[in-house]
Amino acid sequence: MKELIPVVAGFLLTTVLGGLLGFFFQRRTWAHQHHVQTRDQERERAVLVFEEVSRLLDKRLYRLRLLYWSLATDTDVRSERSESRMEDYRQVLYEWNDSINRNLALIQQYFGIALRDRLDYRIGAAFVELGQAVEAMWRRFDSGPGTASRERINDVLLTDLGSQIYHYNLDMIRAIQGGAVGWLVVENSRPLGRNGENHQSA
Numbered sequence: 033m034k035e036l037i038p039v040v041a042g043f044l045l046t047t048v049l050g051g052l053l054g055f056f057f058q059r060r061t062w063a064h065q066h067h068v069q070t071r072d073q074e075r076e077r078a079v080l081v082f083e084e085v086s087r088l089l090d091k092r093l094y095r096l097r098l099l100y101w102s103l104a105t106d107t108d109v110r111s112e113r114s115e116s117r118m119e120d121y122r123q124v125l126y127e128w129n130d131s132i133n134r135n136l137a138l139i140q141q142y143f144g145i146a147l148r149d150r151l152d153y154r155i156g157a158a159f160v161e162l163g164q165a166v167e168a169m170w171r172r173f174d175s176g177p178g179t180a181s182r183e184r185i186n187d188v189l190l191t192d193l194g195s196q197i198y199h200y201n202l203d204m205i206r207a208i209q210g211g212a213v214g215w216l217v218v219e220n221s222r223p224l225g226r227n228g229e230n231h232q233s234a
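Here this note's numbering is used: the first residue of the sequence shown is 33, the next is one more, and so on.
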């Protein structure tokens, strides 16, 4: 009987210890799989955000350029082409403003505050400034013949905005490639310290 006690004790210890070790390693495997799955899901969502915002930026810039180029070649009256392009430009403005808060929130959540602020206070502000200048060109045709083409915006400003958008898209792509998106963005692991108000609309 005494000889069986060490055997039974050893069996029990081995069984319990083996079970605990198995549970421990299984939990580690599950945790790793969950981390990988979460990271992949965050990256997929970030790609969708990038595609939506990038498309809208390019669309607004292109519509603005088309309207400007058309107005710059008009003489005493607005052409039908300019009228059509103004309508296209207004449509993209509606689309932009309809989703501005949503897009800013998504950019902040998936790419961080720095990229959110660039979209709002630099790119958005440049869009507003150029849009106001083009709309001023549009209104000058209502002042009578010979007044519409006296002032134009600087083409360099449009080129600079295009460059800003290009590099903005590039930085989002690099963040996606590096996996630094969503909950892996540093500030997203801390409570929010700002509410992102006063954004650039129109």
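Backbone N, C-alpha and C fix where the C-beta goes; we use that ideal spot for every residue, glycine too.
Starting from residue i and walking both ways along the alpha helix (DSSP H), at which residues does that stretch end?
i	result
Leu138	Ile132 to Phe143
Leu151	Premise fails: Leu151 is in no alpha helix (DSSP H) and is neither H nor E.
Phe159	Gly156 to Arg172
Ser175	Where Ser175 is concerned, there is no enclosing alpha helix (DSSP H), given that its DSSP letter is neither H nor E.
Ser195	Asp187 to Gly210
Whole-angstrom Cβ separation of residue i and residue j, contact assumed at under 8 Å?
i	j	result
Leu99	Ser86	Not really, about 21 Å apart at Cβ, beyond 8 Å.
Ile155	Gln196	6 Å
Glu74	Leu216	7 Å
Leu96	Gly194	About 10 Å separates the two Cβ atoms, so there is no contact after all.
Ala78	Gly214	6 Å
Met204	Arg184	Not a contact, Cβ separation roughly 32 Å.
Trp128	Leu162	Trp128 to Leu162, Cβ: 13 Å. No contact.
Phe159	Ala207	Phe159 to Ala207, Cβ: 22 Å. No contact.
Within 10 Å of its beta-carbon, does residue i have 16 or more other beta-carbons around it, so buried, or fewer, so exposed?
i	result
Glu219	exposed
Ser102	buried
Leu151	buried
Leu202	exposed
Leu80	exposed
Val166	buried
Ala157	exposed
Tyr200	buried
Which residues in the same chain have their Cβ closer than 7 Å to the Cβ of residue i, if we skip the five residues on either side of it in sequence?
i	result
Arg148	Leu136, Ile139, Gln140 and Gly228
Tyr121	Arg95, Leu96 and Leu99
Met118	Leu99 and Trp170
Lys91	Val124
In its own chain, which residues sit with a C-beta less than 8 Å from the C-beta of residue i, not counting the 5 before and 5 after it?
i	result
Tyr126	none
For residue i, which residues of its own chain have a beta-carbon under 6 Å away from its beta-carbon, when the five flanking residues on both sides are left out?
i	result
Phe82	Met204
Ala212	none
Asp130	none
Is residue i close to the ligand GDP? I mean its beta-carbon at under 7 Å from any heavy atom of the ligand.
i	result
Phe159	What this structure holds is no ligand at all, so the ligand GDP is not there to describe.
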